[in-house]
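S.K.: All the letters of the sequence shown, read from the start, carry residue numbers 1075 to 1563 under my numbering. We treat Cβ as the ideally placed atom computed from N, Cα and C, and that holds for glycine.
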Amino acid sequence: MNEPKLAILISRGETDKIEFKDARGGLPQDIWETISAFANTNTGLIILGVKQEGKNFIPKGIEHSQQLMDDLTSTIGPKFNFCPVIKPEIIREENKDFIVVEVEEALKYQKPIYIKDAGPFKGGYKRVGATDIRLTDADLQRFFQERMGSPDAQAVKGTSMMDTDESAFEAFRNLRGLDRPDAPELSLSNEGILEAYNLLSPDKKTLTVAGLLLFGKEILIKRFFPAWRLDIIRIKGTEWGKDKDPFLSQDLRGNLLAMRIQTLDIINRFFLIPFELGKGLARTEENPFNRALREAISNLLMHQNYFHPTPAQVRIYNDRIEFYNPGYSLKDPDSFDVPGSELRNPLIASMFYDIGWAETKGTGFTTVIMDIVKSGYPVPKWESSEKNDTFTLVLPYQTEQVTPQVTPQVTPQVTITDRHATVLRYCEEPKSLKEIMKFLGLSDRKNFKRQILNPLLSGNNLKRTIPDKPRSRFQKYVTVKRKGDAQGG
1075 MNEPKLAILI SRGETDKIEF KDARGGLPQD IWETISAFAN TNTGLIILGV KQEGKNFIPK
1135 GIEHSQQLMD DLTSTIGPKF NFCPVIKPEI IREENKDFIV VEVEEALKYQ KPIYIKDAGP
1195 FKGGYKRVGA TDIRLTDADL QRFFQERMGS PDAQAVKGTS MMDTDESAFE AFRNLRGLDR
1255 PDAPELSLSN EGILEAYNLL SPDKKTLTVA GLLLFGKEIL IKRFFPAWRL DIIRIKGTEW
1315 GKDKDPFLSQ DLRGNLLAMR IQTLDIINRF FLIPFELGKG LARTEENPFN RALREAISNL
1375 LMHQNYFHPT PAQVRIYNDR IEFYNPGYSL KDPDSFDVPG SELRNPLIAS MFYDIGWAET
1435 KGTGFTTVIM DIVKSGYPVP KWESSEKNDT FTLVLPYQTE QVTPQVTPQV TPQVTITDRH
1495 ATVLRYCEEP KSLKEIMKFL GLSDRKNFKR QILNPLLSGN NLKRTIPDKP RSRFQKYVTV
1555 KRKGDAQGG
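(1) Taking only the alpha-carbon atoms, compute the straight-line gap between arginine 1297 and glycine 1232 and give it to the nearest angstrom.
(2) Hey, how far is the Cα of threonine 1539 from the Cα of glutamate 1244?
(3) Measure the CB-CB distance between leucine 1080 and isoleucine 1165 and report whether it falls below 7 Å.
(4) Can you give me the C-alpha to C-alpha distance between isoleucine 1453 and isoleucine 1429, rounded to a whole angstrom?
(5) Does the stretch 1278-1295 come into contact with the stretch 1323-1339, if we say contact requires no fewer than three beta-carbon pairs (one atom in each stretch) closer than 8 Å?
(6) So, does the stretch 1150-1170 touch the stretch 1208-1219, judging by three or more C-beta pairs under 8 Å?
(7) DSSP three-state call for aspartate 1211: helix, strand or coil?
(8) Can alanine 1284 and aspartate 1237 be called in contact, C-beta distance under 7 Å?
(9) Look at the alpha carbon of asparagine 1521 and the alpha carbon of isoleucine 1295, and state the distance between them as a whole number of angstroms.
(10) Find out if the Cβ-Cβ distance for the pair leucine 1456, leucine 1467 is shorter than 7 Å.
(11) Kindly identify the DSSP beta-bridge partner or partners of tryptophan 1456.
(12) If we ignore side chains and look at the alpha-carbon of each, how far apart do phenylalanine 1172 and serine 1139 end up?
(13) DSSP on tyrosine 1500, reduced to helix/strand/coil?
(14) Might you give, ordered along the chain, the residues of its own chain that have their beta carbon closer than 8 Å to the beta carbon of lysine 1508, omitting 5 neighbours on each side?
(15) Looking at the unbroken alpha helix (DSSP H) that takes in leucine 1375, where does it start and where does it end?
(16) Tell me whether glutamine 1387 sits in a helix, a strand or coil according to DSSP, three-state version.
(17) Are alanine 1432 and phenylalanine 1439 close, meaning C-beta to C-beta below 7 Å?
(18) When you compare the stretch 1198-1208 with the stretch 1243-1257, are there three or more beta-carbon pairs, one atom per stretch, that lie closer than 8 Å?
(19) Kindly indicate which three-state DSSP category valine 1554 falls into: helix, strand or coil?
(20) Could you tell me whether the stretch 1188-1198 touches the stretch 1127-1147, using the rule of 3 or more Cβ pairs below 8 Å?
(21) Using DSSP's beta-bridge definition, name the partner residues of glutamate 1176.
(22) With DSSP run on the structure shown, which of helix, strand or coil describes lysine 1537?
(23) Starting from leucine 1274, follow its DSSP beta bridges and name the residues at the other end.
(24) Does proline 1482 pass the burial test, meaning 16 or more other C-beta atoms within 10 Å, or should it be called exposed?
(25) Could you check if glycine 1118 is buried or exposed, using at least 16 other CB atoms within 10 Å of its CB as the buried criterion?
(26) Asparagine 1264 and lysine 1200 - do their beta-carbons sit closer together than 7 Å?
(27) Is alanine 1229 buried or exposed, if buried means 16 or more other CB atoms sit within 10 Å of its CB?
(28) Taking the straight line between their C-alpha atoms, what separation do you get for lysine 1095 and serine 1148?
(29) Could you name each continuous alpha helix (DSSP H) segment of 4 residues or more that falls completely within the stretch 1222-1271, going from the start of the chain to the end?
(30) Using beta-carbon positions only, say whether proline 1400 and glutamine 1378 come within less than 7 Å of one another.
(31) Need the endpoints of the beta strand (DSSP E) that leucine 1304 sits in, please.
(32) Looking at C-beta atoms only, is the number of pairs between the stretch 1491-1500 and the stretch 1513-1533 that lie closer than 8 Å three or more?
(33) State yes or no: is the C-beta of leucine 1374 within less than 7 Å of the C-beta of phenylalanine 1397?
(34) Quick one: what's got a C-beta closer than 6 Å to glutamate 1391's C-beta in the same chain, skipping five residues either side?
(35) Mind checking methionine 1222: buried by the 16 CB within 10 Å criterion, or exposed?
(36) What is the DSSP secondary structure of leucine 1181, counted as helix, strand or coil?
Put into structure tokens, the structure is as follows:
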């Protein structure tokens, strides 16, 4: 906001979206009521440093404006049941400081926003004209009914189809096609895919939370979910913390389709667990631990509370791997051995099911645990805290399974990643390098060769169609058929 706009706003007086407050003596006590009202009704502005005298509003300014703004941002979190999203800034006009606070309307999943100490009946407000009015019983009933809708189905105001990432749609089509080549969604447009999975608002103009998280551009996801990221941490020992064992960390951001692929690629470099390719080039696990890793990553992304203020974490120790999930288990942990799921994000889960990243009957986690124990691994542990809204899964393992650090080069003789297996399925018919990279949604030719193409060639899993001319512009690559493959001879 520039200075002329501020002067114009003051001259127009208070409205349903503008509130003035005199803050020369510090934060006014009724600022919390107005923040609650805007968060429950519609996005609005609070301008601090303006005093009302009769029907007029006089710009008085604020002393120590930076300190006052710091007081606001440090106090607001504990004040409410859900921390409202505010964007304060200091504006200087006529040698006076003012603080303009934009209060964003809360998502339906979070409403009603109320002052925690007063409770929803006395501490919740709505904006009616230029006045903050306490919420009625009917208001509260409506809010709590709307809360029953899944959090990932809420529309994210300010988003549209323009905020989606084309590479995410390519990834979906590739994954869905591998799982079911005749799936009807494969013939749909990008917008058609979003509609088919209920990832758009009812008016088809706005992305839902699930739509943004699955197909959104990284910069938009960061804007609307600033705390959301996945930290992969390798601790070189068994303890993590200050003055404890050293650690390496890699932070991932972006949409969920890219996130899971990147996460598994990184984890595969730690856990060099071999597997074979069976019929149809499907993975045949020699060790259930690898499946447990994939299931844990899927669960972490599917069941997460994306409104939580802390990031998700995968902590890899010398003797265990921990999956820390913001969002407690909606299903009673004592009932994990009973089939069935309670989904926090059913729209995200539906997408994961269709691309083969999750079980459809809620048996995946139970089966993984049973397989691990039967194979002689230590019993996994988990802790769900409703108070802290967190869930942690611990998978113990033998120390020799984990490598000391993330290595950029995947060793072809030891392991084949999920992405490698995808390439081998795709190249059952000869494909050019450009075609393979487009299929994977990649653009970095150097890294593609180093991390994917060269390991598959040197491991004799992929071969050139013109082996005596490696650099031929007509060069293509085809999967090596082996005895036992679905089409092998």
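M.R.: By the coordinates alone:
(1) As a working mapping, residue 1297 is identified with position 223 in the sequence shown. As a working mapping, residue 1232 is identified with position 158 in the sequence shown. Rounded to the nearest angstrom, the two C-alpha atoms are 11 Å apart.
(2) Numbered from its first residue, the sequence shown carries residue 1539 at position 465. Numbered from its first residue, the sequence shown carries residue 1244 at position 170. Roughly 26 Å between the two C-alpha positions.
(3) Here the question's residue 1080 lines up with position 6 in the sequence shown. Here the question's residue 1165 lines up with position 91 in the sequence shown. Yes. Within cutoff.
(4) Residue mapping note: residue 1453 aligns to position 379 of the sequence shown, counting from 1. Residue mapping note: residue 1429 aligns to position 355 of the sequence shown, counting from 1. Inspection of the sequence shows that residue 1453 is occupied by valine rather than by isoleucine. So the alpha carbons of these two residues sit roughly 29 Å apart.
(5) yes
(6) no
(7) Numbered from 1 along the sequence shown, position 137 holds the residue referred to as residue 1211. The answer is helix: DSSP assigns aspartate 1211 an H, G or I state.
(8) The residue labelled residue 1284 in the question sits at position 210 within the sequence shown. The residue labelled residue 1237 in the question sits at position 163 within the sequence shown. It is not a contact, given that the beta carbons lie outside the stated cut-off.
(9) In the sequence shown, residue 1521 corresponds to position 447, counting from 1. In the sequence shown, residue 1295 corresponds to position 221, counting from 1. Taking the straight line from one Cα to the other gives about 26 Å.
(10) Translated into positions along the sequence shown, residue 1456 becomes position 382. Translated into positions along the sequence shown, residue 1467 becomes position 393. The amino acid occupying residue 1456 in the given sequence is tryptophan; leucine does not appear at that position. Taking C-beta atoms as the reference points, tryptophan 1456 and leucine 1467 count as a pair closer than 7 Å.
(11) As a first step, residue 1456 is located in the sequence shown; it is residue number 382 there, counting from the start. Bridge partners of tryptophan 1456: Leu1467.
(12) Mapped onto the sequence shown, residue 1172 falls at position 98. Mapped onto the sequence shown, residue 1139 falls at position 65. When rounded, the distance between both Cα atoms is 7 Å.
(13) As a first step, residue 1500 must be located in the sequence shown, where it is residue number 426. DSSP places tyrosine 1500 in helix when its eight states are reduced to three.
(14) If you number the sequence shown from 1, residue 1508 lands on position 434. Excluding sequence neighbours, lysine 1508 sits near nothing in its chain.
(15) As a working note, residue 1375 is residue 301 in the sequence shown. Its alpha helix (DSSP H) spans residues 1362-1376.
(16) Here residue 1387 refers to the residue found at position 313 of the sequence shown. Residue state, collapsed to three classes: strand.
(17) The residue given as residue 1432 occupies position 358 in the sequence shown. The residue given as residue 1439 occupies position 365 in the sequence shown. No, the Cβ-Cβ distance between alanine 1432 and phenylalanine 1439 is not below 7 Å.
(18) no
(19) Counted from its first residue, the sequence shown places residue 1554 at position 480. If DSSP states are grouped into helix, strand and coil, valine 1554 belongs with coil.
(20) no
(21) As a position in the sequence shown, residue 1176 is number 102, starting the count at 1. Partner(s): Leu1119, Lys1161.
(22) By one-based count along the sequence shown, residue 1537 stands at place 463. Note: lysine 1537 maps to strand in three-state DSSP.
(23) As a first step, residue 1274 must be located in the sequence shown, where it is residue number 200. According to DSSP, which records beta bridges pairwise, leucine 1274 is partnered with Leu1281.
(24) For this step, residue 1482 is matched to residue 408 along the sequence shown. Low local confidence applies: a pLDDT of 38 at proline 1482 is under 50, so the model's placement there is unreliable, with the coordinate-based value given in what follows. Classification of proline 1482: exposed, given that the 10 Å Cβ count is below 16.
(25) Working through the sequence shown from its first residue, we reach residue 1118 at position 44. Buried.
(26) Here the question's residue 1200 lines up with position 126 in the sequence shown. Here the question's residue 1264 lines up with position 190 in the sequence shown. Cβ atoms of lysine 1200 and asparagine 1264: not closer than 7 Å.
(27) Walking along the sequence shown from the start, residue 1229 turns up at place 155. Under this definition alanine 1229 is a buried residue.
(28) For this step, residue 1095 is matched to residue 21 along the sequence shown. For this step, residue 1148 is matched to residue 74 along the sequence shown. So the two alpha carbons sit approximately 19 Å from each other.
(29) 1240-1253, 1264-1270
(30) As a working note, residue 1400 is residue 326 in the sequence shown. As a working note, residue 1378 is residue 304 in the sequence shown. Closer than 7 Å, so yes.
(31) One-based indexing of the sequence shown puts residue 1304 at position 230. Under the DSSP assignment, leucine 1304 falls in the beta strand (DSSP E) whose first and last residues are 1304-1309.
(32) yes
(33) Locating residue 1374 in the sequence shown gives position 300, where the first residue counts as 1. Locating residue 1397 in the sequence shown gives position 323, where the first residue counts as 1. Yes, the Cβ-Cβ distance between leucine 1374 and phenylalanine 1397 is below 7 Å.
(34) Along the sequence shown, one-based indexing puts residue 1391 at 317. Checking the displayed sequence, the identity of residue 1391 turns out to be tyrosine instead of glutamate. Correct list, in chain order: Ile1309, Thr1312.
(35) Counting from 1 along the sequence shown, the entry for residue 1222 is found at position 148. So methionine 1222 counts as exposed.
(36) Here residue 1181 is taken as the residue at index 107 of the sequence shown, counted from 1. Looking at leucine 1181 - three-state DSSP - the assignment turns out to be coil, as it is neither helix nor strand.
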